[in-house]
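Every position in the sequence shown, counted from 1, becomes a number in my numbering once 18 is added. No residue lacks a Cβ here, since even glycine has one placed at the ideal position from N, Cα and C. So the structure is just underneath, and the comments pick up after that.
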Amino acid sequence: MKIRVGYGLAGNQSGIDSYTTLRLAQPNGVVPVGSAPVVSLTELRNTNPDLKWEVKHNFNAGFDLAVLGNRLLLSMNYYLSKTTDMLYMYNVSVPPFTYNTLVANIGSMRNSGVEIAVGLTPLKTQDMELNINANVSFQQNKLLSLGGMYNGEYIDATEFKSISSLDGAGFHGGYNHITYQIVGQPLGIFYLPRSNGLVSDGNGGYKYGVADLNGGGVSLEDGEDRYIAGQAVPKAIVGSNISFRYKDFDLSVQINGAFGHKIYNGTSLTYMNMRIFPDYNVMKAAPQTNIKDQTATDYWLERGDYVNFDYVTAGWNVSLRNRKYIQSLHLTFTVNNLATITGYSGVSPMINSSTVNNTLGLDDKRNYPLARTYTLGLSINF
19 MKIRVGYGLA
29 GNQSGIDSYT
39 TLRLAQPNGV
49 VPVGSAPVVS
59 LTELRNTNPD
69 LKWEVKHNFN
79 AGFDLAVLGN
89 RLLLSMNYYL
99 SKTTDMLYMY
109 NVSVPPFTYN
119 TLVANIGSMR
129 NSGVEIAVGL
139 TPLKTQDMEL
149 NINANVSFQQ
159 NKLLSLGGMY
169 NGEYIDATEF
179 KSISSLDGAG
189 FHGGYNHITY
199 QIVGQPLGIF
209 YLPRSNGLVS
219 DGNGGYKYGV
229 ADLNGGGVSL
239 EDGEDRYIAG
249 QAVPKAIVGS
259 NISFRYKDFD
269 LSVQINGAFG
279 HKIYNGTSLT
289 YMNMRIFPDY
299 NVMKAAPQTN
309 IKDQTATDYW
319 LERGDYVNFD
329 YVTAGWNVSL
339 RNRKYIQSLH
349 LTFTVNNLAT
359 ITGYSGVSPM
369 INSSTVNNTL
379 GLDDKRNYPL
389 ARTYTLGLSI
399 NF
């Protein structure tokens, strides 16, 4: 058994461009100085000479355990990190600043989680062997703050900032902001009006009913009260590999999954809307449902949990009587993307659920389904 404890600091400067701390100037026109024309210069942006790297404070503790002749391996790790002096672009007042934006080290964020890995060999003989390896990680993060003091002046960033939104083909009207960055919450929060189902639009069609939150939400620029409806980043990620051997035959399976997050089915919101027809195609069920609305509510927000069988490989070590020229021959048959178990109604739950950009948590008509492939392989050693 091995016990591990670690603590350290790490820097990061990826949030700023080169020369951000320097006073850069560019030509701004020609002015007369005496009898001669002179090119005038102006600064490109507000300059912050106090910029520095972000600092991530990392703490981790865990143990590694091996018993029964390494037939049972267990590893567990807990980590906690807090990033301070976060680099962020702030809106500032003019004056005293020359421009209305400034890059500064002010914000902070916290990440924590538990990682568990298990390796098990329950069966091991000359003819048979079974190995099971699995790992699970539980993760959470929280944006702690974006405001603070700079040169005696308090500067702050908006507490509600849209990260991903719906757009593109077939999207006509309707407030399209879906996923938000909110101070005091994990990154990638779904912040949406609550739908109470479909209601008549008075013209033979249906629209999305919006529930009254009675002051429980925050009214944004669309005039709708919103509430925290879930997060785009999975709370738990699981992976496993199972391998089995019987004499000259072997079988291996790779499985992964994610749990505790949600997906916004923007594809259904767009193509279940009969207002876009016939300019755009609609789904098969759209004419019968006859929805004539594209307001983004939590109606199409779904659980994103899934288990995916990434691949299954069957192999055969061909027995050779004459090994004069060929030492070994191994035949394999692999099926990639065998199956996905999920309750998500869209094409695939395996969308962007980790990288913070304009696609986070959003199934927006651009995700091509994973193809199932079949591969036959032959390995020959001479």
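A direct Cα-to-Cα measurement between Ile260 and Ile150 gives close to 5 Å. In this model, Gln158 and Val132 are separated by some 9 Å (Cα to Cα). In this structure, DSSP gives Leu40 a state outside helix and strand, which the three-state scheme calls coil. If you look at Gln158, you'll find it isn't in any alpha helix (DSSP H); it sits in the beta strand (DSSP E) that goes Met146 to Ser163.
Under the three-state reduction of DSSP output, Pro305 falls in the helix class.
In the same chain as Asp323, and ignoring 5 residues on each side of it, the C-beta atoms closer than 6 Å to its own belong to Phe277, in chain order. If only complete runs of 3 or more residues are kept, the segment 236-285 shows the beta strand (DSSP E) at 243-249, 254-264, 267-277 and 280-283, in order along the chain. Note that the C-beta distance between Gly206 and Gln249 is below 8 Å. In the three-state scheme derived from DSSP, where H, G and I count as helix and E and B as strand, Trp318 is classed as helix. Here Met19 is not bridged, per DSSP, to any residue.
Of the candidates Val110, Ser53 and Asn194, the residue whose Cα lies closest to the Cα of Leu380 is Asn194.
For Ser180, the beta-bridge partners assigned by DSSP are Tyr198. DSSP, reduced to helix, strand and coil, places Tyr25 within a strand of the structure shown. Contact between the segment 171-178 and the segment 101-115 is present: three or more C-beta pairs spanning the two stretches fall below 8 Å. Less than 8 Å divides the Cβ of Leu210 from the Cβ of Ile196.
In this structure Ala79 does not touch Val154 by the C-beta definition: roughly 18 Å separates them, more than the 8 Å allowed.
Taken through DSSP and simplified to helix, strand or coil, Thr393 comes out as strand.
The closest CA to that of Ile359, considering only Leu378, Val374, Glu320 and Gly275, is found on Gly275. Shown here for Glu72: same chain residues with a beta carbon closer than 8 Å to its own, the five before and five after excluded, namely Gly29, Asn30, Gln31, Gly33, Thr101, Thr102, Asp103, Met104, Leu105 and Asn123 in chain order.
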